[in-house]
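A short worksheet on the structure shown next.
Given below as structure tokens:
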């Protein structure tokens, strides 16, 4: 519980808009309590900037409890900063030392264009889900929930994959800026469950096609994504996704063999 | 103002069916002729937009986040109730209904609550079919856990992330409709005003948060599922972006605001560590099953290490005051007692603003009794989360906890159809007031959001459209639309050009939060509320004089976003205090110190068995009270006691 005050130097990526050039800007962060979260530290810096009439640093945030997936930035080259299994909103300043210099950058990937400063456009993730990351079930037409038992081990694995929060750290950490971990987690979650079987092959094919169309790179098994993932989503889902895609190349659910987009 | 609940009569178990039979429908081929706006993409909004799109309506759905998957429903941990009776422990729709009415301290509408209990089972079916990975037993069937306020085990859960999984289910259903072209999703777009034409809600004015573009969206009707207003306290367990703008704009256009003073405080949150604190983190209440709550008996001990305080100098205040329930007293009782002991100067932990607001939650006895391994199995992830945030290891030293605002039961007044007092304006989820009365039971928020979104709104929206048939064309250059857009632009201009700009919006928000938390929080009295009602208008004036927003309105400008939200909280906060002052009784989340008996809330059914629906009369602080009387045919009001 002991509190210390830190003086830090921040080098922050500033970019006015998607097509403007960016630059690093240096801001001191002084008297920062070790009890602050990283984003609270930025709040303090921003409030000071506003009172001085300067433009505050734009960054995404919402729940600030590590579940909504809004926040994310690269701190000294590491997506979500130095603490493993922790989103930047849950990272606390006690992880840093007095005098540290911190370089803050947005997620960098062509699939995630910069909106402003540290804010990026992750709508590509939404479009990947729209391409098939669901089970088609009309509202009100579901059968009794316990009619179809699901083996506990299967349900637990589906849950492991479903824990993804869609923050994009996997893309930011990947040298290829691949969205494979994100896409694979959703494909795996739904293909593990009996409910997801009817659309299984088309789902995998269409989601992967969309992922490629968005300009994300391919997976070459670096494993950086898993290391950066704040929820510990496992690399093995990518292997599973690849199997699903191969399977869908020779079989299909609907008879349609080409991606919808 | 006329408050017609429009609830059906007759035996309660048949009311929803009866209502559906007598309601209007829109034929499938005609649905594509109607445009519906849904604001919010959480459980209620996401589910409603997906279901309405699937039915064939043209839906436009809006959210301020960068993706509909990030709505704050995602943060709900514990679970969702449903009267499935899978555990064979005597659960039923009636029992869930009964528990919810009683838990709401007899301040909710029986017909609505019964419908909620009935629909609860459909939600589980729907979610499972969508692939929501609920916890399962070894036999492959769904598992349940117990939750507060119930004697049966009826809560379904997905680890500690039930809200996340249910929201992703709704988000995926929504994504399917976006792909199908039936829902147009407008993310990073905030509703700043409502367009009312000819007495009906016909659209909204939005600001694109990326480009700053202000524009109108016209439709046949508007559905608000924009969540609660807990951030009026500044610090709460809500997401930072949660705000009351949509419901408050609607209120200013004539939608009655019901029971604003009913707010729920969660007893086990991590205490504030400094002035800079931006939000409070909730930890599951299940911790109270094994943790013992205490503070030092003597003021001089509050700065000592807890391990150095001998047993005889520890004040286990819940165990001493409530021997029957001990550390497991209900949320409001646990919360109020933490307030009282810290008021006496016995609080522990960091000093913020000259006060120590924390109490110990000690697991050392449980670790001695059960072993560290068992405690790790039960609460491992919570202990880790605590250590990450607070920096202490709870296996070695007691946790520090303090209550925090968590949920708001009040909201827009709606009838049985979830229609507000503005025709064509509907409200679902936490944004309405409908089902929880004065206090919400655990695992009921997810249930209500999804019941409204999947099963109530898709139906009652059709009834409305079936009744109005064709609405006159409304063009973007119509004076009503231009006026709404103009007022939004004017407001943005005012926010950006205060006469004496000095402080960021947070400065005022924090001050407002402090007033509301101390005077309209866990424990309220006449004097404090009157003081708050003198302070809030002054703060509001200062805000409009001194708020400082840099940059321009024609770009991503998060300071501007926050300024607009704070401006509305400064009006809503005042209404909360007015409501709390007027309600001379204690019930549920509303505890008036003048109305208690040995520390127990004293409800006054003779005088206050009604819903307070406040009407905007043209200026903040001058609302008119309308009452919807409540009657209880099936659950007879009784008194709570936990001694």
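Residue numbers (this note's numbering), protein chains in the order written: chain D, 700 to 960; chain E, 401 to 1043. We put the CB at the ideal spot given by N, CA and C, even for glycine. Just so it is clear, the structure is predicted and the values come from calculations on it, not from any experiment.
CB contact check: residue i to chain E, cutoff 8 Å
| i | result |
| --- | --- |
| residue 767/D | yes |
| residue 824/D | yes |
| residue 888/D | yes |
| residue 918/D | no |
| residue 777/D | no |
| residue 752/D | yes |
| residue 703/D | no |
| residue 729/D | no |
| residue 829/D | yes |
| residue 958/D | Any reading at residue 958/D needs caution, since the residue's pLDDT is 47, under 50, leaving its predicted position unreliable; the model's value is listed next. No, because no Cβ of chain E sits closer than 8 Å to the Cβ of residue 958/D. |
Residue i: contacting residues in chain E (beta-carbon distance under 9 Å)
| i | result |
| --- | --- |
| residue 951/D | None at all; the shortest Cβ gap to chain E is about 18 Å. |
| residue 937/D | Here the premise fails: no neighbours, minimum Cβ distance about 19 Å. |
Other residues of its chain near residue i: CB distance less than 8 Å, five sequence neighbours each side excluded
| i | result |
| --- | --- |
| residue 1002/E | 985, 986, 995, 996 |
| residue 536/E | 542, 543 |
| residue 946/D | 900, 903 |
Residues near residue i in its chain [Cβ-Cβ closer than 7 Å; skip 5 each side]
| i | result |
| --- | --- |
| residue 760/D | 738, 769, 770, 788 |
| residue 960/D | Residue confidence for residue 960/D is low, a pLDDT of 44 falling below 50, so the modelled location carries little weight and cannot support an answer. |
| residue 1062/E | With chain E covering only 401 through 1043, there is no way to say anything about residue 1062/E. |
Under 8 Å from the C-beta of residue i: neighbouring residues of chain E
| i | result |
| --- | --- |
| residue 821/D | 466, 467 |
| residue 892/D | 531, 533 |
| residue 809/D | Near residue 809/D there are no residues of chain E at all, since even the closest Cβ is about 18 Å away, more than 8 Å. |
| residue 757/D | 956, 958 |
| residue 772/D | The premise fails here: residue 772/D is roughly 14 Å from chain E at the closest Cβ pair, so nothing lies under 8 Å. |
Residues near residue i in its chain [Cβ-Cβ closer than 6 Å; skip 5 each side]
| i | result |
| --- | --- |
| residue 830/D | 905, 906, 909 |
| residue 971/E | 1020 |
| residue 714/E | 694 |
| residue 730/D | 704 |
| residue 780/D | 774, 787, 790 |
| residue 633/E | 805, 913, 916, 917 |
8 Å Cβ cut-off: residues of chain D touching residue i
| i | result |
| --- | --- |
| residue 701/E | By Cβ distance, chain D contributes nothing, its closest Cβ being about 15 Å from residue 701/E, past 8 Å. |
| residue 789/E | 736, 789, 791 |
Assigned exposure category for residue i - 16 Cβ within 10 Å defines buried
| i | result |
| --- | --- |
| residue 943/D | buried |
| residue 791/D | buried |
| residue 893/E | exposed |
| residue 893/D | exposed |
| residue 815/D | buried |
| residue 723/D | exposed |
| residue 852/D | exposed |
| residue 951/E | buried |
Terminal residues of the alpha helix (DSSP H) in which residue i lies
| i | result |
| --- | --- |
| residue 593/E | Here residue 593/E belongs to no alpha helix (DSSP H); instead the beta strand (DSSP E) covers 589-597. |
| residue 736/E | 731-743 |
| residue 575/E | 562-579 |
| residue 762/E | Here residue 762/E belongs to no alpha helix (DSSP H); instead the beta strand (DSSP E) covers 759-762. |
| residue 905/D | 899-912 |
Limits of the unbroken beta strand (DSSP E) element including residue i
| i | result |
| --- | --- |
| residue 815/D | 813-815 |
| residue 1010/E | 1010-1015 |
| residue 656/E | Counting along the chain, residue 656/E falls outside any beta strand (DSSP E), and DSSP gives it neither H nor E. |
| residue 586/E | 583-586 |
| residue 615/E | 614-618 |
| residue 460/E | 458-462 |
| residue 721/D | 721-732 |
| residue 799/E | 799-808 |
| residue 713/D | 704-714 |
Residue i: contacting residues in chain D (beta-carbon distance under 7 Å)
| i | result |
| --- | --- |
| residue 641/E | 761 |
| residue 451/E | 838 |
Neighbour flag for residue i against chain D, beta carbons, 8 Å
| i | result |
| --- | --- |
| residue 377/E | Given a span of 401 to 1043 for chain E in the structure shown, any question on residue 377/E remains unanswerable. |
| residue 1032/E | no |
| residue 704/E | no |
| residue 695/E | no |
| residue 936/E | no |
| residue 524/E | yes |
| residue 423/E | no |
Neighbour list for residue i in chain E, Cβ cutoff strictly below 7 Å
| i | result |
| --- | --- |
| residue 845/D | 486, 541, 542 |
| residue 963/D | Nothing can be reported for residue 963/D: it is not among the residues displayed for chain D, which extend from 700 to 960. |
Partners in chain D for residue i, counting only beta-carbon separations shorter than 9 Å
| i | result |
| --- | --- |
| residue 856/E | Ordered by position in chain D, no residue passes the 9 Å Cβ test against residue 856/E, which lies about 11 Å from the chain. |
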